[in-house]
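**Student:**
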Amino acid sequence: MPIKNPLRYPGAKSKLVPYIKKLIETENLTNCTLYEPYAGSAAVSLALLESKTISKAIINELDPLIYYFWISVMNDTDNLIALIENVDITLDNWIHYSQYRNSSYLTNKSPLEIGFAGLYLNRTSFSGILNANPLGGMEQKSQYKIDCRFNKEKIIKNIKVLSCFSDKIEIYNMDALDFLSKKTKYKRNYNTFVYIDPPYYEKGPTLYRYSYDKSMHTKLAKFIKNKSYPWLVSYDDHPEIRKLYQKSKRQNIYLDYSVNTHTQGKELLFSNLEIPPMEVDTIAEINCIS
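Position 247 of the sequence shown, counted from 1, bears residue number 246 in my numbering, the numbering being contiguous throughout.
1. Among residues of its own chain, excluding the 5 on either side of Glu-60, which ones have a beta-carbon nearer than 6 Å to its beta-carbon?
2. For Glu-273, which of helix, strand or coil comes out of DSSP?
3. Please work out which residues of its chain come closer than 7 Å, Cβ to Cβ, to Leu-15, disregarding the five sequence neighbours upstream and downstream, and give them in chain order.
4. Considering only the beta carbon of each residue, do Leu-272 and Lys-248 sit closer than 8 Å?
5. With a 10 Å radius around its C-beta and 16 neighbouring C-beta atoms as the bar for buried, classify Ser-34 as buried or exposed.
6. Are Arg-7 and Gly-136 touching if we call contact CB-CB under 8 Å?
7. Around the Cβ of Ile-223, are there at least 16 other Cβ atoms within 10 angstroms (buried) or fewer (exposed)?
8. Among Leu-161, Val-160, Thr-123 and Ile-155, which has the Cα closest to the Cα of Tyr-143?
9. Rank Ser-71, Leu-48, Cys-147 and Glu-49 by C-alpha distance to the C-alpha of Ile-89 and give the top, closest one.
10. Quick one: any contact between the stretch 109–122 and the stretch 77–92, if contact means 3 or more CB pairs under 8 Å?
11. Can you tell me which residues form a DSSP beta bridge with Ala-56?
12. Whose C-beta lies closer than 7 Å to the C-beta of Thr-29 among residues of the same chain, with five residues either side of it excluded?
13. Alpha carbon to alpha carbon, how far is Ser-214 from Tyr-185? Give it in angstroms, no decimals.
14. By a C-beta neighbour count over all protein chains shown, 10 Å radius and 16 as the cutoff for buried, is Tyr-104 buried or exposed?
15. Shortest alpha-carbon distance to Ser-71 belongs to which of Cys-31, Gly-117, Glu-239 and Ser-180?
16. If we call anything under 8 Å between Cβ atoms a contact, is Pro-198 one with Ser-210?
17. On the DSSP letters alone, give me the boundaries of the beta strand (DSSP E) that Phe-192 sits inside.
18. Would you please verify whether the beta carbon of Tyr-185 is less than 8 Å from any beta carbon of chain B?
19. Would Ile-155 and Tyr-200 be called neighbours here (beta carbons separated by less than 8 Å)?
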């Protein structure tokens, strides 16, 4: 049974794991090091570590609320769990922790405090969006109250399991392109796989605190298309993205990632590898993942 991720994350790619796993195995890259410059929930890295498909994950997250959450999971597990056990899931606390969305408020705050604030906001805000309103609304009149997604027992259990991978994960807080430039500078084909899941082109500004404008999407495409190491990019389907990666190998896939809707969204995969189409058994496995 796969580990459940403690974060609710818009656009999390856990449903792509079976496909990426098979791609890595097909390319004889099992036990490689995976680089994930836009980690977010780090769903892909963690699942591939759990399945022993990769030997190490080097992840990067620019948002300090998410970065310090992962730092706390891996390096300060017991104290993070103590905070979870003792906190009251209330609107007053949501208002308190929402102050951490202001970068100036983070001055003199410890990594543990910042990381816990990230978790609290993620589990108590609409769709896990850190800048969104609280679940249940400010008046808490909805049938889904602010605590409906904060199951302490399950969150703690998942954090304990994930902390066991601390010796197999490196975590950075850098601009994604700087991270790729520095951490993959001397990498070639052997023992390296780069999975890139940038902010969505169209809805990124409404979903993430750090999104891209057109020039940044263009800069990323120019950078990665010149690299010889194996890479895979996942994006929301948009004409501009198709143009940027028009000479790369491409596959289309439908994922249930849409926020505030039950419809499927079309996802595009680009790579410098011969990426195969979805097979029937892989599609079935994707559809079974909650």
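For glycine and all other residues, C-beta sits at the position ideal for the given N, C-alpha and C.
Remember, it's a predicted structure, so these values are computed and weren't measured experimentally.
**Tutor:** A quick look at the data gives this:
1. Counting only Cβ-Cβ distances below 6 Å, and skipping sequence neighbours, we find Ala-38 and Tyr-66.
2. Under the three-state reduction of DSSP, Glu-273 is assigned to coil, being neither helix nor strand.
3. Within the same chain, Val-43 and Ser-233 come within 7 Å of Leu-15 by CB-CB distance, once the 5 residues on both sides are set aside.
4. Cβ distance < 8 Å, so Leu-272 and Lys-248 count as in contact.
5. This sequence places Tyr at residue 34; Ser is not what is there. Around the Cβ of Tyr-34, a 10 Å sphere holds 16 or more other Cβ atoms; the residue is buried.
6. Not a contact, by the Cβ cut-off of 8 Å.
7. So Ile-223 counts as buried.
8. Looking from the CA of Tyr-143, the closest CA among Leu-161, Val-160, Thr-123 and Ile-155 belongs to Thr-123.
9. First, the amino acid is wrong: residue 89 is Thr here, not Ile. Checked all of Ser-71, Leu-48, Cys-147 and Glu-49; the closest Cα to Thr-89 is Cys-147.
10. As far as the Cβ criterion goes, the stretch 109–122 touches the stretch 77–92, which means the pair count is three or higher.
11. DSSP lists Leu-33 and Ile-168 as partners of Ala-56.
12. Hits under 7 Å: Ile-23 and Thr-52.
13. If you take the alpha carbons of Tyr-185 and Ser-214, they lie about 26 Å apart.
14. Tyr-104 is exposed by the Cβ-count criterion.
15. Cα-wise, what sits closest to Ser-71 is Gly-117.
16. Contact annotation: Pro-198 and Ser-210 have beta-carbon atoms nearer than 8 Å.
17. Where Phe-192 is concerned, the enclosing beta strand (DSSP E) starts and stops at 191–195.
18. Considering every chain present, this structure includes no chain B. It has just one protein chain.
19. No, the Cβ-Cβ distance between Ile-155 and Tyr-200 is not below 8 Å.
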